[in-house]
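Visitor:
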Amino acid sequence: MIFDEEINQTIRFMKPSGIRKFFDIAATKKGVVSLGVGEPDFITPWHIREAAIHAIEKGRTFYTGNKGLPVLQEAICDYYRRKFNVTYDPRENVMVTVGGSEGIDVVLRALCQPGDEVILPTPAYVAYAAIIEMAGAKVVEVELKEEERFKLTPEALKAAITEKTKAVILNFPGNPTGGVMSREDYAGIVPILKESGIFAITDEIYAELTYEGKHVSLAEYDEVKDRTVVINGFSKAYSMTGYRIGYILAHKDLIEMFNKVHQYTIMCASTPSQYAAIEAAYNGDDDIEEMFMSFRHRRNYIVKELNRIGLKTHMPEGAFYVFPSVKCSGMSSQEFCEKLLDEENLALVPGDAFGQAGEGYVRISYAYSLEEIKTAIEKLEHFLAVHS
Ligand SMILES: Cc1ncc(COP(=O)(O)O)c(C=O)c1O
Numbered sequence: 021m022i023f024d025e026e027i028n029q030t031i032r033f034m035k036p037s038g039i040r041k042f043f044d045i046a047a048t049k050k051g052v053v054s055l056g057v058g059e060p061d062f063i064t065p066w067h068i069r070e071a072a073i074h075a076i077e078k079g080r081t082f083y084t085g086n087k088g089l090p091v092l093q094e095a096i097c098d099y100y101r102r103k104f105n106v107t108y109d110p111r112e113n114v115m116v117t118v119g120g121s122e123g124i125d126v127v128l129r130a131l132c133q134p135g136d137e138v139i140l141p142t143p144a145y146v147a148y149a150a151i152i153e154m155a156g157a158k159v160v161e162v163e164l165k166e167e168e169r170f171k172l173t174p175e176a177l178k179a180a181i182t183e184k185t186k187a188v189i190l191n192f193p194g195n196p197t198g199g200v201m202s203r204e205d206y207a208g209i210v211p212i213l214k215e216s217g218i219f220a221i222t223d224e225i226y227a228e229l230t231y232e233g234k235h236v237s238l239a240e241y242d243e244v245k246d247r248t249v250v251i252n253g254f255s256k257a258y259s260m261t262g263y264r265i266g267y268i269l270a271h272k273d274l275i276e277m278f279n280k281v282h283q284y285t286i287m288c289a290s291t292p293s294q295y296a297a298i299e300a301a302y303n304g305d306d307d308i309e310e311m312f313m314s315f316r317h318r319r320n321y322i323v324k325e326l327n328r329i330g331l332k333t334h335m336p337e338g339a340f341y342v343f344p345s346v347k348c349s350g351m352s353s354q355e356f357c358e359k360l361l362d363e364e365n366l367a368l369v370p371g372d373a374f375g376q377a378g379e380g381y382v383r384i385s386y387a388y389s390l391e392e393i394k395t396a397i398e399k400l401e402h403f404l405a406v407h408s
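According to my numbering, the residues represented by the sequence shown are 21 to 408, in order.
1) Which first and last residues belong to the beta strand (DSSP E) in which residue 189 is found?
2) Per DSSP, what kind of secondary structure is residue 406 in: helix, strand or coil?
3) Using DSSP with H/G/I as helix, E/B as strand and the rest coil, what is residue 383?
4) Can you tell me the Cα-Cα spacing of residue 144 and residue 171, whole angstroms?
5) Mind checking whether the beta-carbon of residue 145 lies closer than 7 Å to any heavy atom of ligand 1?
6) Looking at the secondary structure, which residues open and close the alpha helix (DSSP H) in which residue 359 lies?
7) Tell me residue 220's beta-bridge partners as DSSP assigns them.
8) Report the partner residues of residue 345 according to the DSSP bridge assignment.
9) Is residue 225 near ligand 1, in the sense that its beta carbon is under 7 Å from a heavy atom of that ligand?
10) For residue 88, is the beta carbon positioned less than 7 Å from some heavy atom of ligand 1?
11) Can you list, in chain order, the stretches of the alpha helix (DSSP H) that have 4 or more residues and sit fully within the segment 285-349?
12) Do residue 162 and residue 147 count as a contact pair if the criterion is CB distance below 8 Å?
13) Please confirm whether any heavy atom of ligand 2 lies closer than 7 Å to the CB of residue 261.
14) Between residue 365 and ligand 1, is there a pair consisting of the residue's CB and a ligand heavy atom that are separated by less than 7 Å?
15) With a threshold of 16 other CB atoms inside 10 Å of the CB of residue 83, please say whether the residue is buried or exposed.
16) With respect to 7 Å, is the separation between the Cβ of residue 121 and the closest non-hydrogen atom of ligand 1 below this value?
17) Secondary structure at residue 181, three-state DSSP: helix, strand or coil?
18) Determine the direct distance from the alpha carbon of residue 57 to that of residue 24, and round the result to whole angstroms.
19) Let me know if residue 217 comes out buried or exposed under the rule of 16 or more other beta-carbons within 10 Å of its beta-carbon.
20) Taking contact to mean at least 3 C-beta pairs separated by less than 8 Å, is the segment 304-321 in contact with the segment 226-233?
21) For the candidate residues 304, 239, 119, whose alpha-carbon lies nearest to that of residue 288?
22) Just the C-alpha distance for residue 160 and residue 378, rounded to the nearest angstrom, thanks.
23) Quick check: does the Cβ of residue 58 come within less than 7 Å of any heavy atom belonging to ligand 1?
24) If you draw a straight line from the C-alpha of residue 165 to the C-alpha of residue 327, how long is it?
25) Can the beta-carbon of residue 220 be found closer than 8 Å to that of residue 188?
26) Can you tell me the Cα-Cα spacing of residue 68 and residue 97, whole angstroms?
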């Protein structure tokens, strides 16, 4: 690269996303079956699409306030109260963002300074580590273990906290493991958060896809609420990935700081999409239920089938990913996925794309039709037979 010396050196040495890199290879091949992308396969429910169309027809095409439309701020607070029993003030505690993605970026950039450490339980969604580094902070990985159902334990959290720790990132239900934290699990974590005074950034984007019991939001715990920053959005729950609407819920003083970053970089989220999100938040419960049932059915099917063909797979309690171990093949995650793509035309994501703790696993998204899932299982079964 001719600009190597001039470019920001953090960006220069940043590894490209392990997911993207892999799908670039897949895109050059014909007839590839992919269970790689974490995006619901449903078209956005019609009444939500109609709300966006209607907004455009009515000429609601101007900037909104930086923090989002007041009606959407209210709808988000109403949703959190109704669903998770958490109260926030629509004017003080909410900022609408361009997807959960912008939320993660804004929060980390506003909180972190060079020298800070951010605890990242891994395997983790690929954006966190990159954004922590771009914010000038250091990633401190904590391994989530399969035998602990990919939950964060109090012991692991405590051991990772140092004087430099600024925050911990929690993502439950989690991408890529489907791990979930129950009320009992949080009972061990919350006192440590309180005592240490670190921020907890809780990415609850898969909250609606909690299969056993109800999602527990960390913001429910009053003793740590001031230092809890919730990130959520409409992409996964309502199948609205392309609308790019997310939000941050936090203490009003933090929201003011986040808004500084947001107003200079983004201005505001897309206006027609915000109208669609209002419709989703108020009238989308039945859609969520329908998609939930379908995902749960696919989860049960794929876990049963993967175990049948010999890939040990734990039953994920949330999100729409399974994380089978491929250690039985004797191959590394990368090798397994490369050979699978090469020989069977099947694209999965190597587990190490989500941090070193993901080595020995692959991520399979079941946000695909049952037909595609069945085809993928056949290909995997053939692949394992050839390599046994
Ligand atoms: C854990 C997690 N957080 C955030 C996002 C970003 O979602 P969006 O920006 O579409 O709201 C994703 C997307 O895959 C994710 O898996």
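Each residue gets a CB set at the ideal place from its N, CA and C atoms; glycine is no exception. Predicted, not measured: the structure shown is a model, and the values here were computed from it.
Guide: If we stick to the structure as given:
1) Indexing the sequence shown from 1 puts residue 189 at position 169. Unbroken beta strand (DSSP E) run through residue 189: 185-190.
2) As a first step, residue 406 is located in the sequence shown; it is residue number 386 there, counting from the start. Looking at residue 406 - three-state DSSP - the assignment turns out to be helix.
3) Counted from its first residue, the sequence shown places residue 383 at position 363. For residue 383, the secondary structure class from DSSP, reduced to helix, strand or coil, is strand.
4) In the sequence shown, residue 144 corresponds to position 124, counting from 1. In the sequence shown, residue 171 corresponds to position 151, counting from 1. C-alpha separation (whole angstroms): 12 Å.
5) Numbered from its first residue, the sequence shown carries residue 145 at position 125. Yes, the Cβ of residue 145 comes within 7 Å of a heavy atom of ligand 1.
6) As a position in the sequence shown, residue 359 is number 339, starting the count at 1. Run containing residue 359: 353-364, per the alpha helix (DSSP H) assignment.
7) Walking along the sequence shown from the start, residue 220 turns up at place 200. Paired residues: 188, 248.
8) For the purposes of this step, residue 345 is identified with residue 325 of the sequence shown, where counting begins at 1. Partner(s): 381.
9) As a first step, residue 225 is located in the sequence shown; it is residue number 205 there, counting from the start. Yes - ligand 1 has a heavy atom lying nearer than 7 Å to the Cβ of residue 225.
10) Mapped onto the sequence shown, residue 88 falls at position 68. Distance from the C-beta of residue 88 to the nearest heavy atom of ligand 1 is not below 7 Å.
11) Taken in chain order, the unbroken stretches of alpha helix (DSSP H) that lie wholly in the segment 285-349 and span 4 residues or more are 291-303, 305-328.
12) On the sequence shown, residue 147 is found 127 positions in, with the first residue counted as 1. On the sequence shown, residue 162 is found 142 positions in, with the first residue counted as 1. Taking 8 Å as the cut-off, the Cβ atoms of residue 147 and residue 162 do not count as close.
13) You won't find ligand 2 in this model; what it holds is ligand 1.
14) Locating residue 365 in the sequence shown gives position 345, where the first residue counts as 1. Exclusion of residue 365 from the 7 Å shell around ligand 1 follows from its C-beta lying no nearer than that to any non-hydrogen atom of the ligand.
15) Looking up residue 83 in the sequence shown gives position 63. Exposed: under 16 other Cβ atoms inside 10 Å.
16) Within the sequence shown, numbered from 1, the residue matching residue 121 stands at position 101. Yes, since a heavy atom of ligand 1 falls inside the 7 Å radius drawn around the Cβ of residue 121.
17) Position 161 of the sequence shown, counted from the first residue, corresponds to residue 181. Note: residue 181 maps to coil in three-state DSSP.
18) As a working note, residue 24 is residue 4 in the sequence shown. As a working note, residue 57 is residue 37 in the sequence shown. Distance between residue 24 and residue 57, taken at the CA atoms: about 31 Å.
19) Looking up residue 217 in the sequence shown gives position 197. It counts as exposed.
20) Touching, yes, given that three or more Cβ pairs across the two stretches are closer than 8 Å.
21) Stepping through the sequence shown from its first residue, residue 288 is reached at position 268. The candidate whose alpha carbon is nearest that of residue 288 is 119.
22) Counting from one through the sequence shown, the residue named residue 160 turns up at place 140. Counting from one through the sequence shown, the residue named residue 378 turns up at place 358. Going by the C-alpha atoms only, they are around 15 Å apart.
23) Here the question's residue 58 lines up with position 38 in the sequence shown. The answer is yes for residue 58.
24) To locate residue 165, count along the sequence shown from 1; it is residue 145. To locate residue 327, count along the sequence shown from 1; it is residue 307. C-alpha of residue 165 to C-alpha of residue 327: approximately 19 Å in a straight line.
25) Here the question's residue 220 lines up with position 200 in the sequence shown. Here the question's residue 188 lines up with position 168 in the sequence shown. Their beta carbons are under 8 Å apart, which means residue 220 touches residue 188 by this criterion.
26) Position 48 of the sequence shown, counted from the first residue, corresponds to residue 68. Position 77 of the sequence shown, counted from the first residue, corresponds to residue 97. Spanning the two alpha carbons is a distance of roughly 19 Å.
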